[in-house]
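Q: In the numbering used here, the protein residues as written are 1 to 92.
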C-alpha cells in the first residue's frame, strides 16, 4: 500500500502484460483499465480530483467508482479492490 501514496495513481502490470491503473483516494483504493478509450493515454498518470481521474492528453474525466466518462461518451472497465493483511488485491 506504500507504493500508492494518497492522492496518486500507479500502473499495475498483470502477468499477461496488460495494465491497470490503481489509485489511492483518501485511503480508498480504486482500479480501472489503464488506457483512455479516446487515444490510449495512460490513465495512471492522470490528475485525480476526488474519485475522478482526468486523462492528461485531452481532458477526458472518468469516475473511478463506475468507469463512466463524465464529459464524453465512453467508459473504462472498473475492478474491485480488496485490502487483505496489508496487501492490495484486485479482482480481475
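Backbone N, C-alpha and C define an ideal beta-carbon position, used for all residues, glycine too.
Looking at the ligand ZN, does it come within less than 8 Å of residue 90, judged from the CB to the closest heavy atom?
A: The ligand content of the structure shown is nil, which means the ligand ZN is not present either.
Q: Identify every residue that forms a DSSP beta bridge with residue 92.
A: For residue 92, which the question treats as bridged, DSSP gives no partner whatsoever.
Q: Going by DSSP, what residue range makes up the beta strand (DSSP E) through residue 10?
A: 8-13
Q: Would residue 43 and residue 49 qualify as a contact pair, given that the criterion is a beta-carbon distance under 9 Å?
A: no
Q: Comparing alpha-carbon positions, which option in 34, 26, 29 lies nearest residue 17?
A: 34
Q: Counting along the chain, where does the beta strand (DSSP E) carrying residue 63 start and finish?
A: 61-63
Q: Which term fits residue 138, buried or exposed, when burial requires 16 or more other beta carbons within 10 angstroms of its beta carbon?
A: Here the chain comprises residues numbered 1 to 92, so residue 138 is not present and cannot be evaluated.
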